[in-house]
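**Q**
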Amino acid sequence: MVSFRTTQTSRLVSVIFACILCAVCALALGACSSGSGGSAQKTVQFTDSCGRTVEIPAKATKVAPSGSMAQQVIMTFDPKVLCGLSSELTADEEKCFGIKSANYKVFGALYGTKGSFNKEEVVAAGTELVIDIGEAKKGIVEDLDKLQESLGISVIHIEATLDTYDQVYTTLGKILGNEKRASELANYCKKAISDSQAAMAKVPNDKRVSVAFLTDETHGLAQGSFHAALIDMVANNAIVAENVVGNGFGNEISLEQLAVWNPDVLLIQSADLYSKIAGDPAWSSLSAVQNGKYYLVPSVPYGWLNSPPSVNQVLGAQWLPHLLYPELVGAGAKDVVKNYFETMYGYKISDAEYAEMTKYCPAA
423 MVSFRTTQTS
433 RLVSVIFACI
443 LCAVCALALG
453 ACSSGSGGSA
463 QKTVQFTDSC
473 GRTVEIPAKA
483 TKVAPSGSMA
493 QQVIMTFDPK
503 VLCGLSSELT
513 ADEEKCFGIK
523 SANYKVFGAL
533 YGTKGSFNKE
543 EVVAAGTELV
553 IDIGEAKKGI
563 VEDLDKLQES
573 LGISVIHIEA
583 TLDTYDQVYT
593 TLGKILGNEK
603 RASELANYCK
613 KAISDSQAAM
623 AKVPNDKRVS
633 VAFLTDETHG
643 LAQGSFHAAL
653 IDMVANNAIV
663 AENVVGNGFG
673 NEISLEQLAV
683 WNPDVLLIQS
693 ADLYSKIAGD
703 PAWSSLSAVQ
713 NGKYYLVPSV
723 PYGWLNSPPS
733 VNQVLGAQWL
743 PHLLYPELVG
753 AGAKDVVKNY
763 FETMYGYKIS
773 DAEYAEMTKY
783 CPAA
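The sequence shown maps to residues 423 to 786 in the working numbering.
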């Protein structure tokens with residue numbers, strides 16, 4: 423009996439062990455199957471602003487910007503998702519965002535005068551997604567398709583204009599898996615542009631100031647250009663060109679032509695030009711110079727009106743009406759700037775920092 427029981431017990435243990443082993447194997451196979459299915463589900467179909475349908479990660483965590491516009495927008499969203507930069511950060515950028523250029527590879531830019539996108543570095547960085555943000559360049563569909571094929575990495579374009587940054591951030595929230603941050607930035611941008619438009623509604627057409635935005639001594643942003651969208655919205659852009667140039671320098675103009683236009687205000691991007699104007703008699707014929715209405719546009723950490731023509735223009739859209747129409751729009755520019763820096767960069771500027779940034783402009 424004992425022997426029999428022992429045999430019976432052994433058989434019972436064997437059966438139980440076999441059942442457990444089968445169950446474990448089934449679970450393991452199920453886990454593998456689930457893992458494979460999960461892996462397949464980690465990508466989604468995305469239709470970008472060019473109409474291209476691209477398979478992208480469901481939540482991208484290592485992103486390469488195609489250029490300065492994309493870099494700036496993504497940094498305001500979350501610099502941690504960048505696996506590299508299009509260009510080195512300035513000291514001001516490092517301070518505002520709390521990150522260091524030295525910790526990132528520099529990939530270069532796909533477009534522009536510095537077009538030198540380093541594909542090898544992009545691949546080596548383990549990039550999951552390349553994002554291009556801004557104006558759709560001529561031939562962009564072919565360009566991005568070729569880049570995607572050569573990299574073996576998904577590449578998308580998100581169109582961005584002065585009044586669509588709310589949509590840009592909403593899209594980024596879905597791509598990067600942080601819709602809370604996206605909602606914060608989208609709501610801010612939408613309200614900022616709405617407030618700017620409301621401020622401009624207080625300015626009668628006959629009171630709109632004639633403005634020339636000069637990028638250097640011989641170039642300015644013409645009416646209708648992508649880079650001049652903010653100037654066109656807030657002022658009467660004095661620079662008119664038959665063939666509008668799309669790059670950041672703008673159209674070539676002469677001092678003689680500028681004198682014919684004779685704008686009320688000069689907004690100047692170049693510190694060298696700003697320094698030159700006061701002591702150069704050639705510029706003294708301009709009404710703006712005679713009246714002391716030429717201003718060096720603040721550029722911390724980016725130009726507030728341009729350079730690049732990115733989300734920094736949302737700041738400019740709020741600040742510029744205060745500068746040009748203080749009697750109609752009222753004071754309060756400092757609060758606008760402080761709020762922008764804290765919301766977009768997570769950086770609180772002091773009164774002293776604000777004064778330093780705007781020292782070549784009248785108080786607004």
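Even glycine gets a Cβ: it sits at the ideal position worked out from N, Cα and C.
Am I right that His641 and Ile675 are in contact with their C-beta atoms under 8 Å? What's the rounded C-beta distance?
**A** Indeed, because the Cβ distance is near 7 Å, the residues count as touching under 8 Å.
**Q** Where DSSP assigns a beta bridge to Tyr716, which residues make up the other side?
**A** Leu688
**Q** Under the criterion of a Cβ to heavy atom distance below 7 Å, does Lys629 qualify as lining the ligand MN?
**A** As far as ligands go, the structure on display features none, and thus does not contain the ligand MN.
**Q** For Asp694, is the classification buried or exposed, using 16 other Cβ atoms within 10 angstroms of its Cβ as the cut-off for buried?
**A** exposed
**Q** Report the three-state DSSP secondary structure of Thr475 (helix, strand or coil).
**A** Thr475: strand per DSSP, three-state reduction.
**Q** Straight-line CA distance for Glu749 to Trp741?
**A** For Glu749 and Trp741, the distance between alpha carbons rounds to 14 Å.
**Q** According to the Cβ coordinates, are Tyr696 and Leu718 closer than 8 Å?
**A** yes
**Q** Determine the direct distance from the alpha carbon of Ala785 to that of Ala513, and round the result to whole angstroms.
**A** 25 Å
**Q** For Ala582, which residues in the same chain have their Cβ closer than 6 Å to its Cβ, ignoring the five residues on either side in sequence?
**A** Ile555, Gly556 and Val590
**Q** So what does DSSP say about Pro501, is it helix, strand or coil?
**A** helix
**Q** How many angstroms separate the CA atom of Asp654 from the CA atom of Gln645?
**A** 6 Å
**Q** Straight-line CA distance for Gly574 to Pro487?
**A** 16 Å
**Q** DSSP beta-bridge partners for Gly556?
**A** Glu581
**Q** Would you mind sorting Pro720 into buried or exposed? The rule is 16 or more other CB atoms within 10 Å of its CB.
**A** buried
**Q** What three-state label does DSSP hand Asp694 in the structure shown?
**A** Shown here, Asp694 sits in a helix according to DSSP, grouped into three states.
**Q** Give every residue of the same chain whose Cβ lies closer than 7 Å to the Cβ of Gly520, excluding the five residues on either side of it in the sequence, and list them in chain order.
**A** Contacts found: none.
**Q** Look at the alpha carbon of Lys517 and the alpha carbon of Ser523, and state the distance between them as a whole number of angstroms.
**A** 11 Å
**Q** Spatial neighbours of Val751 within its chain, please: C-beta separation below 6 Å, excluding the five flanking residues on both sides.
**A** Ala621, Pro743 and His744
**Q** Secondary structure at Val625, three-state DSSP: helix, strand or coil?
**A** coil
**Q** Please state whether DSSP places Gly520 in a helix, a strand or coil.
**A** coil
**Q** With H, G and I counted as helix, E and B as strand and the rest as coil, what does DSSP make of Gly701?
**A** helix
**Q** Measure the CB-CB distance between Ser732 and Val495 and report whether it falls below 8 Å.
**A** yes
**Q** Do Leu584 and Ala651 have their beta-carbon atoms positioned less than 8 Å apart in this structure?
**A** yes
**Q** If I follow the unbroken alpha helix (DSSP H) through Gln790, where does it start and stop?
**A** Examination of residue 790 is not possible in this model, given that the chain is present from 423 through 786 alone.
**Q** Kindly indicate which residue of Leu504, Ala623, Gly672 and Glu678 has the alpha-carbon position closest to the one of Phe635.
**A** Gly672
**Q** Check whether the Cβ atoms of Phe499 and Arg603 lie closer than 8 Å to each other.
**A** yes
**Q** State the beta-bridge partners of Asp638 as determined by DSSP.
**A** His641
**Q** Could you check where the alpha helix (DSSP H) with Val733 kicks off and where it finishes?
**A** For Val733, no alpha helix (DSSP H) segment is defined, and its DSSP state is neither H nor E.
**Q** Quick one, which of Leu504, Lys770 and Val722 has its alpha-carbon nearest Lys781's?
**A** Val722
**Q** Suppose the cutoff is 7 Å on Cβ atoms and the five residues either side in sequence are ignored; what does the same chain contact list for Trp726 look like?
**A** Val719, Pro720, Asn734, Leu737, Gly738 and Trp741
**Q** Within its chain, find whatever has a CB closer than 8 Å to the CB of Gly460; leave out the 5 residues flanking it on each side and keep chain order.
**A** Residue placement at Gly460 cannot be trusted, given a pLDDT of 40 that sits under 50; what the coordinates show is reported in the next sentence. Within the same chain, no Cβ atom closer than 8 Å to the Cβ of Gly460 is found once the five residues on either side in sequence are excluded.
**Q** Distance, Cα to Cα, Val503 vs Gly473?
**A** Approximately 25 Å between the Cα atoms of the pair.
**Q** Just verifying my parser: in three-state terms, what is the DSSP assignment at Asn609?
**A** helix
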